[in-house]
Each structure stands twice: as structure tokens, then as C-alpha cells.
Amino acid sequence: MGMDVSTLRTLINRYCVGEENWVDNRTVYIGQKEPPPGAEAFIQQRFPDNRIVSSKYTFLNFIPKNMFEQFRRVANFYFLIIFLVQLIIDTPTSPITSGLPLFFVITVTAIKQGYEDWLRHKADNSVNQCPVHVVQHGKVVRKQSRRLRVGDVVLVKENESFPCDLILLSSSRDDGTCFVTTASLDGESSHKTYYAVQDTKAYNTEKEVDSIHATIECEQPQPDLYKFVGRINVYMDNEPVARPLGSENLLLRGATLKNTDYIYAVAIYTGMETKMALNYQSKSQKRSAVEKSMNAYLVVYLCILISKAVINTVLKYVWQADTNRDEPWYNQRTDTERQRHILIRAFTDFLAFMVLFNYIIPVSMYVTVEMQKFLGSYFIMWDDEMFDEELGERAVVNTSDLNEELGQVEYVFTDKTGTLTENNMEFIECCVDGHVYVPQAICNGQLMSGAAGMDMIDTSPGPEAREHEELFFRALCLCHTVQVKEEETVDGIKHGIHQGKSTSFYISSSPDEVALVEGMKRLGFTYLRLKDGQMEILNREDEIERFELLEVLTFDSVRRRMSVIVRANNGEVYLFCKGADSSIFPRVISGKVDQIRARVEHNAVEGLRTLCVAYRPLSPDQYQEVCHLLNGAKLALHDRDKRLAEAYDIVEKDLILLGATAVEDRLQEKAADTIESLHQAGMKVWVLTGDKMETAAATCYASKLFRRNTQILELTTKRTEEQSLHDVLFDLSRTVLRHHGGMTRDTFSGLSGDCTDYGLIIDGATLSAVMRPSEEDSNSGNYKEIFLEICRNCSAVLCCRMAPLQKAQIVKLIKASKEHPITLAIGDGANDVSMILEAHVGIGIMGKEGRQAVRNSDYAIPKFKHLKKILLVHGHYYYIRISELVQYFFYKNVCFIFPQFLYQFFCGFSQQPLYDTAYLTLYNISFTSLPILLYSLIEQHINMDILKKDPSLYRDIAKNSLLRWPIFIYWTMLGVYDAVVMFFGAYFLFDNTTFTSNGQLMTTNTQMMFGNWTFGTLVFTVLVFTVTFKLVLDTHYWTWINHFVIWGSLIFFVVFSLLWGGIIWPFLNYQRMYYVFMQMLSSGPAWLSIILLIVASLLPDVVKKVICRALWPTTTERIQNADKLYKGQLSEFTPLASLHAPSKAGRHRRGSDNQRNAPNPRRSETFTKKIMFTRWQRTPDYCTFTPLLRFADGARHLKQGHAYSTAGPETSV
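Per our numbering, residue 1014 is the first one in the sequence shown, and the count goes up by one each step.
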């Protein structure tokens, strides 16, 4: 019978906490202790240790894994095949010519990627070796974090981060609660309250905690941060007492303990099984759009190469079909070779031609690209403008493979808290009965002397208004859930409440409440503490006022307000209520509603977070009725939430309006300017945040993501409760498509001033429904496509209440859309790691939320404002440079190998090389590599300041515009033309030959020795000079380094050729180049021929450049022309827009654009800045001040330049 009762009790306990729905669970033994005898069987499960791994390689798998990734590249795999062919069969060139460059490329790339991964290992080790305190045998023992095991009891002290996912057992606070900030997880910097297990909260010492006998049964790890189901069985006298566990008991890895001296907690999820680690995306090799273009071009050139080899092989056997043209006797072919099957001979010849022409595929391009990326990344790290003195940090490059991708970004996904904002709420002003109060008095733009305390901008109120004013201040000091922390310092910073009084600071689950209470302190009313049910306030006369706290009507997102009921010393009872204007104004029966409403709307337009404050005096009878109503709702067992909401609705009515407040979630410096620049550059900016919708929307207005004329579309849970998701999506789709039907995506990204901008707000729950439609919605079409269509037609999108994996899903959704845009994700917390890893480019911000984002990002910057330079300047430059590098490499290799192809028609397709082996090997390695490498590192086609001033120049390089097929074909045809000119130009010079007296064959017109090596050397000399001068023509930014490298490369070629042909080298078994180069240069006509051939080769490109610049100049070329006229000082003049190519849409829209883009003054900026903005707005002609467009057409208008000598509005700014 005993067994039956025990079994029954176990079943009851399990079903009480819903275990029948569990698919899988784990049992954790607290303190690694076995349960008492007679309890359930002890089955020790195996769990991973607490190591975090963000690296990609290990010591053992580095070589095979890295080799696999490298040989996935078409070029590397191709050169491996060519190298093996050269080893197997007899080919015209040595295997070293292919093997050495390939080995160099593979080695350099492996070293670079190995070094980057070593840095990740180093960062992981710093985290995994952090000390943690573990309770063992009644004592606290220090361990490394990686040695922590599931079931260990951990001691965490104030301001320490949790080393893994923990269940709270007890805390230093009597009520068993602790306060935690989860900024690194969900972006919220407010303090959240967590609760200890009821039966263990009294255990406050190591020995007491060590005596706990308990097991925890919980679900297996899953990534949802806000969900946890489990139960704890605490054994009292060998009898288990089961208590349910929920997310309020679970402390997540990465969160920080605040306002609690210490806690004891047990580890349940460790290492890569923690919820934060499960939200990480797996690391994958990111490849840029440029690299994909390179691979596509490579396939084209591979087809050309195969075609050449096939043509030559076929023609060789056609040539040899005539018995008189068979292999000559001096080729010494053996009988065995002659008797081989013709197919085998043809295949061998095909491979030999492949080897001969394989230089058309430039393996050295990959070496140069790797070096350009690696060395170029240092220019980002050395940039002093991206150095933050406050943090003492510079930009960091974790992955240099994506430098050029920074110039191709179309979508920017940004976190809000800590990325756009400083994570710091600030009280700006309050309005009482129409009078505006600010913490410092400002009159006519001047800061009044001695205005350290409270004053107001408007005229002083009368006695009645004075009473309302003090009631308003008291209301804000009482209507909140703020706690006071009695402490000298926090994080090394002293927090003072009142001058000369005790040093304390405020904490709350809502940062707005802290800002409001601190604002009241600055205006003369200081909240001191809540003690024994009494709220204490220090008024302006330094008198302490006490109010008895009777009831708290807590805030919820449906009501959007909170209230308190307090009793003053004189016995009067007040209900003070604060909330959103939409929830307060309908409940008001008196007060200066119109004046306050106008001020609220004014502040909302400026992006400030506004709240309205009202009150209601309660008579004793009314108070008794309220108490009865609230107590009845609280004691209800069924529908408690619904009954409480009804009770609150009845109590919070007939209010008297007092005033309104304005709080700013302070933006990071220049955050709004950065977003404005990104919009002008044609990028779409999405904000993905875990914060509340109202908070995030206010930030979006402040950062100019949403504008005054932006029409907000909501796709939220609140709306989908009223309508089905299907109906809401189709309504929104009709709305945006009706207005934007005939417009293109580029129109929207330009944020045209003459049309309504749409902004979309979506929350995490609705996004889940969009991504995974429910059963009943399965026949309603593809929601993802409709959602994407809506997003495409919105100028900005805000996603709030997002879990980390949902952020990554959004990025993945946009990446996979039909346009396949390039995406960038930027964030500062561990909750942003998933989207940073998912996006094409991931950027971490070195903020206050730990270093997880920085460690897992491709680039790290100190502040959000640095995103502007890293994209608009560095990204622009790197894309221009690497585009030229890729096209130039293919061009110079076409010039190099096409003469070899033509030469086969004149040597009986005998696979005779045109160039000497030394020239074949060194052409790409030495003679032509350094100039293009330097160009790709330091070229600046437009001044850096101009790129920052005119973000729209970024559009000129969007969508991989410089590596499109027409441009690629132009470069290829240019290479073919140059090769034809070089080959046939040299051929006609050798047209007439005569024998000299000593038997040498000489050309009659140039008096050079006639032979294939002389012919090849002449072609090669013209080739080297032509391709180098082509780069000279394309270079805009000249420094002494350019001159040294370009002319130095040409001198090195000449000196090498003189030495190579002027000395009999003992280690060579042939001396075919002896005296060839010197004899060629001894001929005067040869010099003239070389110069003429170089000019003829370059002429078409020069003519094309001149005609295009004169007749169809691009925006970039217009600015280059104007900058030359200004001698590099063009960036000092603001109206760069006048240099853009005029458009019909632009002309009739200019006025509205100027008005819309005029800077709006921000409350947090200094007043002098407001004056500057005001003066700009008073000068509507400012944007048309300097018509620089004239200068792009020539200097004939310079005489009219007297307009530029006047001071004008630019001087006053």
C-alpha cells in the first residue's frame, strides 16, 4: 500500500506542474548530491561543460577544414589541377610556374585566417577562464568558468555576471528577490526582479545552502529567452515537496546582478546549452559580392581557355595532316610516341595547350586580393576619426575578407538600446497648466546666471497655479515604483540624491521612472525612500513630507498608465495617475487640456517620450468603495486579471489634469545624422529591438528614422487580435501599393519629399505568425511574400519585442528575397550576435553590454556615428579599389596570353612559348603586381571629405555596378585589342629580314637579330609598359609612393632583363636569352617602335575617357572636374548636390526636399546649435548658393565668380 501511495503522490506532483506535456526533460541534482534513500532512482546524466566556443577551427581540424574551404574557390582548384597535369605529362612550362604561386596563395590565406581564428580563441579563453565561486562541502571554492558543471551551486556577488543559466535558490534580501539587468540579452537596461524558490530562500550561508537536498526537473535547453518550465523537488525528512519553476526563477548567462549583495543559485544549463549560446548562429564563411563576381569571370575565362586549347589542338592536327608538315626530325619524337593512339596524343596536346595558356587565369590576383584585404584592414584600424577618446578604443577588423562589401550595403539592421541610444534616459522638461519648466532656466537663448535650481521659461504663475505646480511635482515623486539604493558608489561613480544629504541612487524596472524622479530632484522635490509603508519626500524648503502608500495600480501595456493612492499627513487621500496621453485625456474632466495637449504634441514631434499626469481627490466614502472594489478583484480565483482591469477602469476616472512630462532616451552622438546619411546613400534602415513598442517608436522619431510626414503602419498583436492576420496583411499591402504602385525601389530609398513615407512597426509575436502561419491560415497564401512587399515600400521598419533568433530570421528573410540585397547588422549586445552572424556584414559596437557582439562581428567600432565613415568612405574606397584590381588583373592577363595564342598560328601549333620562362613566372609576381597592389591600397578617386558631405555618391557604386558584365566585356575587349596591336605591330617590324656577313638573320628596318626570343622580348617589353601606363591613366591620387612603385617596377623590369640576358648563368642548362635584350635596345628604330606601339595600345581608352567625360559625365566625374578647379578644396563648399546629374523629378522636388531635410533642433543639443539651425532655415537659398555645375562644363564662367567672394549665409554659419 505504501508503494501505491508514493506512486500516486509522484503522479499528482507531476500532473500539477504539467509534466504530461513534456516531450523531453533533464534532472539536475543540486550540489551533485544523490537524493535520499527511498526517493526516485539516481540517474546521473551527462551534460556539457561551461566552455563557450566562438572560434571556427581547432588545432586538429585547421589544415583539412581550411584546405577544403580554400579549394572550394574555382581558381585554387583549377590551379591545383594544372599543377598536377604539369607533374604528370611533358608540358611546355615547368610545374614550378603553377605550383609556386598556388602554394603562396594557400599559405598566405591560411596564415591570415588562422591568425583571425587565434584571436577568437584568445577571446574565448578570457571568458572561459574567468573565476567563479562554487559552494563545495560547505565552503566557497574558486573555479575557472569552463569547469562549472550542471548541478553546481554558485555564489554570485553584486555587479557580477552570471556564468551560466541558473535557478535562484536564495539571496541576501529577506524577501528572496534579486535585481538583474539583462541589457546584454534583450537590450533593456532596466532592473528586473527575480524570485528565489520559496522553500530555499531562507538558506543564506554556505553551510545552509550545502545542506539542501533537492532535484530539479526541467525542459531540455531551448533558445526562447522568455520561456522556462520546470519544477524543484525539495526533500524534507525524505519527503519531496514539489514547487513549480518558471522564467521568474531563471537567471540567464550574461545578465548582471544589481542592488543585491549576493545570491546562491544552481547551474542548470551550461556552455553551449545556455539560452544565450543557443541564440548564436553557427559561424559560416562569408563571401563578398566581389568574390562571387570574380568566380563568375573566372568561369568565363576558363571557357575561353578551353576554347583556345581545343582550337589549337584541332588546328594542329589539321596542319599535320599534310605529310610535309609532320613533326620535323629535330623534335626527336620516339617511335613509341608516334605509335600512340591519335586520341591519346590529341588529349595530351590539349592538356599541353591548357598549360601553355593557363596564365589567362590569374592565380596571383588571389594573392594580391588577399594582401589588399589584409593590409587594407589596417587603414580602418589606424583611422583617427574612428578613435573614441571616452572609451580609448579604435575600430577593430576581425574579418578582412569583407572590406569591399562595406561599399555595397543596401539594408542596415540596427539594435536600439546601446546602439542608437546611450542607454541613458534624461528628463528634459515638464509642462504644468501650460507653463513649461526645465531643469535650467533659459531666456532668449541665454543661460540665466544663478539658475542652478528650478525656474521657468514663461511668466511666474499665480498662487493657484503655484499650488497646482507643487501638486504636480509631488505626484511625480509618489506615482512610481522606484527603489532607493543606499550606497556610496556604483561602478566607481558617486550618485548623490541631494546636496549635502546621503548619497543614494534610484533603480527601477522602468528607466523612464528613474528619469522623472531625478528630474523632480533637479526641480526641487526629492524622493527619499519608502519605509514602513510611508513614502518620504524632501521639498524645496528642505522639509520632509510623508505620505502613506495605500494602493499601487500597476502599469500594463493595455491601459498604458499606472496609479497610486496615498494619504497625506492631513488625512486627505489622493489618487495620482500618469500615463500616455491617449489613455489620460479621455478620463479628464477638468484642467488646461488644450495647452497641455499642444505641448505634448510638440514634444512628440521632437521624438521625446511624453507622459501626462492627473489626480483625483478621494473622500473617505469613495476610498472605502475603491478598497472594496480592488480587494474583491485581487481575491478572485478566476479571471483575476480581467476583474482587476475592470476595477482599475472604474477607479481611474473623473481625473483633474495637472500637466505633462518629456523624457529623452538620449541618442548617441550624431546618431540621427548618421541615419540621415544612410538614407541619402540609398540604404534602408531597420531597427530590431527587444524593447517595448512605445519606447522604440519614440527613439525612431528622435533618430529621424520616422519623420513628421511618415505614416505609421502597425502589424502588432493588438491589431491581429481585432482582425485576422490575413486581413491585416492585405489591408497594409493595399495601402502601400495603392500609393506607391508605379514607383521603383530607388524612389523609396531616396525618401522623396513629395510623397507620403510609410513606416512599419511589427512585434515579435506577429513576426512568428508571419513566418510560420497557423493551420487555419495555411490556405491564405504566402504571408512572407506579402510582408516583404509591404516592407519594400516602407522607408523604415521597426521590429520590437524581438528575440535574438527572430532578429536573425528577419535578416535571413531579406537576404533570401528576390533582389538578394547586401545586408549589414549592427549591435552591441549578446542578443545581437545572431543577426550579426547572419548578415553579409556584421558590426559590433564597443558599448556597455559586454563584448559578445564585438567578438563575433566582422568589424567593431566604438560608436554608432562611426558607421557613417566606415561605409561611406572606407566601404566606397575599398569597393572602387578592388573593382579596378579585379578588372585590371583580367585585362593584363588577356594582354599577356593572347599574343601567345596568336603566335601558335605562326609556329605550326607546336606549343612553342612566345616568352621566356623567367618572364612567364615573373610577369604577375614582380613586373606588374606592386603598382596595382599599391593602387588598391591608397587610391582616392574622390576626396574623403566630399564622400562624407555627399552620401548620395554611395549610390553610384551600388549593386556591384563596377563589376557588371558590360564593364567586364569592355576590359576584356580592350585587352584583346592591346594584344593584337602588340603582336602584329611587332610582327610587321620583323617583316623583312636579311642575312648579315656573319650568318645572323637581321631585320632590315630595325637592324635587330631575327628570332623567336627577340620577337617575344619585344612584345613583352611593350606589354609591361602598356599595362603599367594603363594603371597610370586610371590613378587619381598621386603620392611619392605611387611614383616610386610604378616607375620602380618599370626600372626593375629593364634592369632584370639586362642582367638576365647579360650574364651566362651557370645553373641554367640553356642560354637562349643571352644578349637578346641588350641587342634589341641597341636599335634606334626599336625604341621608336616600342613607343608607337604603347601609344597605339592606349589611344582608344584615352579617347573613350575624354569623350565620355565631355558628353556623358557621371556624378563622380563632375565632382572630380570641379575638385581640380578648386585645387582639392571643393569639400569646403556645401552645395555638392548641384554637381549631380539633373533629373526631372529632382527639379520640381528641390524645394520640398530642402524644407524636409532642414535640420530640426533637438532638446539635448546646446542652444547655440539651435540658433545655427534657425539661421539655416531662414536662408532658403542656401542649398542653391554655389552653382558649381558650371565648372564641370569648363572655365568659361569663371568671370562670373564674383558671387563666391561675398560672405553670405555660409560665413554666418
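Don't be surprised by glycine CBs; every beta carbon is placed ideally from N, CA and C.
Neighbourhood of G1888 by C-beta, 6 Å cutoff - its chain only, sequence neighbours within 5 removed: The residues are L1419 and G1420.
Residue interval of the alpha helix (DSSP H) (run including K1271): First-last for K1271: T1269 to K1271, but that is the beta strand (DSSP E), not the alpha helix (DSSP H).
Integer-rounded CB distance, given that I1955 should sit under 8 Å from T2129: Rounded, the Cβ-Cβ distance is 6 Å, consistent with contact.
Residues of its chain near F1922, where Cβ-Cβ distance is below 7 Å and the 5 sequence neighbours each way are ignored: Apart from sequence neighbours up to five positions away, the residues of its chain that approach F1922 with a beta-carbon distance below 7 Å are N1325, L1328, K1329 and W1332, ordered along the chain.
Cβ pair M1289, G1267 closer than 7 Å: yes
Assumed close pair E1677, A1715 - CB separation to whole angstroms, cut-off 8 Å: About 7 Å separates the beta carbon of E1677 from that of A1715, a gap short enough to meet the 8 Å contact definition.
Identity of the residues DSSP links to N1038 by a beta bridge: For N1038, which the question treats as bridged, DSSP gives the partners E1232.
Coil, strand or helix - V1700 by DSSP: In the three-state scheme derived from DSSP, where H, G and I count as helix and E and B as strand, V1700 is classed as strand.
C-alpha distance - H1150 paired with V1169, whole-angstrom precision: 17 Å
Nearest to I1492 (by Cα), restricted to the options Q1924, I1959 and M1548: It is worth fixing the name first, because residue 1492 is Cys in this sequence and not Ile. Closest option to C1492, Cα to Cα, is M1548.
Three-state secondary structure assigned by DSSP to D1667: Reduced to three states, the DSSP call for D1667 is coil.
Proximity below 7 Å, CB of I1281 to CB of D1178: yes
Per-residue burial, K2117 [other beta carbons within 10 Å of its own, 16 or more giving buried]: exposed
Under the three-state DSSP convention, the category V1854 falls into: strand
Nonlocal neighbours in the same chain, by C-beta distance under 6 Å from H2049, ignoring five residues either side: H1954
Three-state secondary structure assigned by DSSP to T1326: The DSSP-derived three-state label of T1326 is helix.
Inter-residue spacing [alpha-carbon to alpha-carbon] between Y1450 and K1605: 16 Å
Straight-line gap, Y1967 to E1735 (C-alpha atoms, nearest Å): Looking at the backbone, the Cα of Y1967 and that of E1735 are separated by about 43 Å.
Extent of the continuous beta strand (DSSP E) to which M1249 belongs: G1243 to M1249
Sequence-distant residues of its chain with Cβ nearer than 7 Å to R1039 (five each side left out): Q1058, C1231 and Q1233
CB-CB length for I2107 against F2038, believed under 8 Å: 5 Å
Segments of 4+ residues assigned as alpha helix (DSSP H) that fall wholly inside the stretch 2024 to 2054: 2025 to 2047
Three-pair Cβ contact test at 8 Å for the stretch 1172 to 1187 versus the stretch 1090 to 1101: no
Beta-carbon proximity of V2228 to V1163, cut-off 7 Å: No statement about residue 2228 is possible, as the shown extent of the chain runs from 1014 to 2226 and does not include it.
Environment of M1438 [buried if 16+ CB atoms lie within 10 Å]: buried
C-beta atoms of L1631 and A1660 nearer than 7 Å: no
First and last residue of the uninterrupted alpha helix (DSSP H) at A1408: No alpha helix (DSSP H) contains A1408, which DSSP labels as neither H nor E.
Host beta strand (DSSP E) of F1192 (start-end): T1190 to T1194
Coil, strand or helix - Q1953 by DSSP: Residue state, collapsed to three classes: coil.
Pair within 7 Å by beta-carbon distance, Q1819 and G1777: yes
CA nearest to the CA of V1425, picked from R1622, R1580, H1692 and W1395: H1692
Best match in Q1142, V1899 and S2062 for proximity to F1940 [C-alpha to C-alpha]: S2062
Outcome for S1781 when other beta-carbon atoms lying within 10 angstroms are tallied against a minimum of 16: exposed
Collapsed DSSP secondary structure at F1922 in the structure displayed: coil
Cβ-based neighbour list, E1442, same chain, cut-off 7 Å, excluding 5 preceding and 5 following: V1449, Y1450, V1451 and A1675
N- and C-terminal bounds of the alpha helix (DSSP H) containing C1804: DSSP places C1804 inside the alpha helix (DSSP H), whose first and last residues are Y1796 to R1805.
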